[in-house]
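S.K.:
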Amino acid sequence: MIDLRRLNDDADYRAGAIRKGATEEAVASLLAAESSRRKQMTMVEDARAAANAASKEIGRAQPDEREAKIAAASELKEGLGALEAELAELQASVEEIALTVPNPAHESVPDGGEDAFRIEHEVGDRTPEPALDHAAIGEKLGIVDTERAVRMSGSRFAYVLGDAVRLQFALVQYAMDKLLGHGFIPAVVPVLVREDMMVDAGFFPTDRDQVYELEKDELFLVGTSEVGLAGIHRGERLDEADLPRRYVGYSSCFRREAGTYGKDTSGLFRVHQFDKVEMFSYCHPDGSWDELEVLRTLEEEIFSELQIPYRVITVAAGDLGNAAAKKYDIEAWIPSQQAYREVTSCSNYTDYSARRMGTRVKLEKGATALHTLNGTAVAIGRTLLSIFENHQLADGTVSVPEVLRPFCGGLEVVGPTG
RNA sequence: GGAGAGGUGACAGAGUUCGGUCGAUUGUGCCUCCCUGCUAAGGAGGUGUGGGUUUACGCCCACCGUGGGUUCAAAUCCCACCCUCUCCGCCA
Numbered sequence: 000m001i002d003l004r005r006l007n008d009d010a011d012y013r014a015g016a017i018r019k020g021a022t023e024e025a026v027a028s029l030l031a032a033e034s035s036r037r038k039q040m041t042m043v044e045d046a047r048a049a050a051n052a053a054s055k056e057i058g059r060a061q062p063d064e065r066e067a068k069i070a071a072a073s074e075l076k077e078g079l080g081a082l083e084a085e086l087a088e089l090q091a092s093v094e095e096i097a098l099t100v101p102n103p104a105h106e107s108v109p110d111g112g113e114d115a116f117r118i119e120h121e122v123g124d125r126t127p128e129p130a131l132d133h134a135a136i137g138e139k140l141g142i143v144d145t146e147r148a149v150r151m152s153g154s155r156f157a158y159v160l161g162d163a164v165r166l167q168f169a170l171v172q173y174a175m176d177k178l179l180g181h182g183f184i185p186a187v188v189p190v191l192v193r194e195d196m197m198v199d200a201g202f203f204p205t206d207r208d209q210v211y212e213l214e215k216d217e218l219f220l221v222g223t224s225e226v227g228l229a230g231i232h233r234g235e236r237l238d239e240a241d242l243p244r245r246y247v248g249y250s251s252c253f254r255r256e257a258g259t260y261g262k263d264t265s266g267l268f269r270v271h272q273f274d275k276v277e278m279f280s281y282c283h284p285d286g287s288w289d290e291l292e293v294l295r296t297l298e299e300e301i302f303s304e305l306q307i308p309y310r311v312i313t314v315a316a317g318d319l320g321n322a323a324a325k326k327y328d329i330e331a332w333i334p335s336q337q338a339y340r341e342v343t344s345c346s347n348y349t350d351y352s353a354r355r356m357g358t359r360v361k362l363e364k365g366a367t368a369l370h371t372l373n374g375t376a377v378a379i380g381r382t383l384l385s386i387f388e389n390h391q392l393a394d395g396t397v398s399v400p401e402v403l404r405p406f407c408g409g410l411e412v413v414g415p416t417g
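Counted from 1, the first sequence has number 27 at position 28 by numbering that gives the first Met the number 0; the numbering is strictly sequential.
1. With a Cβ-Cβ cutoff of 8 angstroms, do valine 413 and leucine 140 count as a contact?
2. Cβ atoms of proline 185 and methionine 175: under 8 angstroms apart, would you say?
3. Whose C-alpha, out of Glu401, Pro334 and Lys19, is nearest the C-alpha of leucine 384?
4. Cutting at 8 angstroms between CB atoms, please list the residues of its own chain near isoleucine 96, excluding the five before and the five after it.
5. Is it the case that the Cβ atoms of glutamate 298 and threonine 371 are separated by a distance below 8 angstroms?
6. Taking 8 angstroms as the cut-off, decide whether the C-beta atoms of alanine 53 and alanine 72 are in contact.
7. Do glycine 20 and glycine 395 have their C-beta atoms closer together than 8 angstroms?
8. One question on the structure: do valine 402 and leucine 305 come within less than 8 angstroms of each other, judged by their Cβ atoms?
9. Does histidine 120 pass the burial test, meaning 16 or more other C-beta atoms within 10 Å, or should it be called exposed?
10. Taking its Cβ as the centre, do 16 or more other Cβ atoms sit within 10 Å of tyrosine 281, making it buried, or is it exposed?
11. So, for leucine 160: in the same chain, excluding its five sequence neighbours on each side, which residues have a beta-carbon less than 8 angstroms away from its beta-carbon?
12. Would you mind stating whether alanine 376 and valine 276 have Cβ atoms separated by less than 8 angstroms?
13. Of all the options Asn373, Ser303, Asp206 and Arg355, which has the alpha carbon lying nearest to the alpha carbon of threonine 382?
14. Where does glutamate 363 sit, in a helix, a strand or coil, going by DSSP?
15. Count the other CB atoms, across all protein chains shown, that sit within 10 Å of the CB of alanine 324; report buried if there are 16 or more and exposed otherwise.
16. Determine the closest residue to aspartate 114 out of Leu362, Leu319 and Glu225, with distance taken between C-alpha atoms.
17. Is the number of C-beta pairs between the region 356 to 371 and the region 221 to 234 that are closer than 8 angstroms three or more?
18. List the endpoints of the continuous alpha helix (DSSP H) containing histidine 133.
19. Bridge partners for leucine 372 per DSSP, in chain order?
20. Given a cut-off of 8 angstroms, decide if arginine 47 and isoleucine 57 are closer than it, judged by their beta-carbon atoms.
21. Can you name the start and end residues of the alpha helix (DSSP H) that lysine 177 belongs to?
22. Could you give the first and the last residue of the continuous beta strand (DSSP E) run that contains alanine 331?
23. In this structure, does DSSP put arginine 310 in helix, strand or coil?
24. Between the Cα of valine 149 and the Cα atoms of Gly123, Ile69, Val93 and His271, which residue gives the shortest distance?
25. I need the straight-line Cα distance from leucine 191 to glycine 374, nearest angstrom please.
26. Restricting to Cα atoms, I'd like to know which of Leu166, Asp11, Thr264 and Val122 is closest to glycine 153.
27. Between phenylalanine 202 and valine 226, which are expected to be in contact by the criterion C-beta below 8 angstroms, what is the C-beta distance as a whole number of angstroms?
28. Should alanine 16 and valine 100 be called a contact, given that it needs their Cβ atoms to be closer than 8 angstroms?
29. Give me, in chain order, the residues of the same chain whose beta-carbon lies closer than 7 angstroms to that of asparagine 321; leave out the 5 immediate sequence neighbours on both sides.
30. Give every residue of the same chain whose Cβ lies closer than 6 angstroms to the Cβ of serine 352, excluding the five residues on either side of it in the sequence, and list them in chain order.
31. CB-CB under 8 angstroms to arginine 255, same chain, minus the five flanking residues each way: which ones, in chain order?
32. Between the beta-carbon of glycine 137 and the beta-carbon of glycine 266, is there less than 8 angstroms?
33. Tell me which same chain residues have a C-beta within less than 8 angstroms of the C-beta of phenylalanine 387, skipping the five on either side of it?
34. Give, in chain order, every unbroken run of the alpha helix (DSSP H) that is at least 4 residues long and sits entirely within the region 234 to 307.
35. Alanine 315 and glycine 111 look like a contact to me (Cβ under 8 angstroms); what is the Cβ gap, rounded to whole Å?
36. Bridge partners for glutamine 391 per DSSP, in chain order?
Next comes the structure, spelled out in structure tokens:
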């Protein structure tokens, strides 16, 4: 949730929200609502103070004075009730609008929409167009079976089989090892969470239609372990000395992919269920922009070491999610498409999610919302297919990147399944 | 899933019978000071969070698992939910 006080006081902050698509009117009406909420709150509190004082007197009063005093207190109480009802309304409307106002974009984020990203740099030589695309390789080697998965669960599901599974676990182990070396705490997180967590982590109400809901149990399947990692310190105050506190989460991720009919229909690129190794950092407010670079660098290292050509882009303001103030995407080169496609991303949420979660850092005087950042270490599906495409051999098998071999028993080539 | 017990400040642990001076006794821890070769022990004081308002001192509001309710007044009474523990059943 945005910082209402700052939204009122800081013109740059306001401008950043507008750049992300909040309208001037929405911001103005939010600020107006907040201002009347404050006024109403003062009135309610004064009225309550008077009522409290009257009640306390009853306790101290002689029995014969009580009745009169109770009558007086009752009267005060009535007036209070009306004021409180008004306050509740104002509060609800402030919250409703506030949740829809996005975290303002950082000044380094370019203006514009989906196509207005800024290319930071490209790494590696673009692999020429291969004989087979990743879906065809998967099918030919029997390591990705979407046909049978459709029978099981419908479109956009896949069985991962044989050497591809060995590669999957190698990727997980490789990424874990690397991140543990940087002080990340490994975590396997709940994938079913309550509605509150989705709101507080910054996904609801905006992305609600992308999320699977288990109505009977009032639980939601997370689209990323980020939710579980963001909620782990809910309501807590962390010591300054413990920051940054970094987690690496591993979980399955579930996405409805509503509104993507016809896009990326084959193979593993866009599926309803995939596994992901995710980085998450709790960070001192003064250090979050440096921390974002740390996450980006780690992501780049991973793709460099896997020897997959990629580029880094800064996502434009209008294409940022609600919570991100800045986001880098790493896009791997997909030779069958002769295009770069998103494989990981990392974002600085600044205090947007932490304020809602009530995760704060203790300072010398008081406490303040800390900053949270998240970044993909390895999205298994998309990384697997990037390997298939870029490391394809002439006979249709796939060479295993050197760095992964120690993690899959020395496997050098992904061959056909049984 | 069935039966029972319970959730109070950093921790331990009162208060809940009979609602009122309880934002909450006490102990430990922590901070400051005194005493003191050092340490320990001992003595004095202080020590929750969030919010509103104020130049400031301060004043006020809220919070005893969460959300409602009863009442002039709720940690205390009522309801729902969440969580923890014990026993039974089931299960990886």
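In this text, a Cβ means the ideal position worked out from N, Cα and C, and glycines have one as well. Computed from a prediction, not measured in an experiment: that's the story for all the values here.
M.R.: To lay it out plainly:
1. yes
2. yes
3. Pro334
4. Residues of the same chain with a CB within less than 8 angstroms of the CB of isoleucine 96, apart from the 5 flanking positions on each side, are Ala25, Ser28, Leu29 and Ala32 in chain order.
5. no
6. yes
7. no
8. yes
9. Residue environment: histidine 120 is assigned as exposed (fewer than 16 neighbouring CB atoms within 10 Å of its CB, all protein chains considered).
10. Residue burial is scored here from C-beta neighbours: tyrosine 281 has at least 16 other C-beta atoms within 10 angstroms and is therefore classed as buried.
11. Gly141, Ile142, Val143, Asp144 and Thr416
12. In contact: alanine 376 and valine 276 (Cβ atoms closer than 8 angstroms).
13. Ser303
14. The three-state reading of DSSP puts glutamate 363 in coil, since its state is none of H, G, I, E or B.
15. buried
16. Of the candidates Leu362, Leu319 and Glu225, the one whose C-alpha sits nearest the C-alpha of aspartate 114 is Leu319.
17. Counting Cβ pairs under 8 angstroms, three or more are found: they touch.
18. The continuous alpha helix (DSSP H) containing histidine 133 extends over residues 133 to 140.
19. Ser280 and Asn347
20. no
21. Residues 162 to 179.
22. Its beta strand (DSSP E) spans residues 325 to 333.
23. Taken through DSSP and simplified to helix, strand or coil, arginine 310 comes out as strand.
24. His271
25. In a straight line, the C-alpha of leucine 191 is about 20 angstroms away from that of glycine 374.
26. Thr264
27. 7 angstroms
28. In this structure, valine 100 lies closer than 8 angstroms to alanine 16 by Cβ.
29. Pro101, Asn102, Gly201 and Thr205
30. Ala200, Gly201, Ala229, Ala322 and Thr371
31. Asp208, Gln209, Val210, Tyr211 and His271
32. Yes, these two residues count as a Cβ contact at 8 angstroms.
33. His133, Ile136, Gly137, Val397 and Val413
34. Entirely contained in the region 234 to 307, the alpha helix (DSSP H) runs reaching 4 residues are, in chain order, 287 to 304.
35. The C-beta distance from alanine 315 to glycine 111 rounds to 4 angstroms, short enough to fall under 8 angstroms.
36. DSSP output for glutamine 391 lists Val397 as bridge partner(s).
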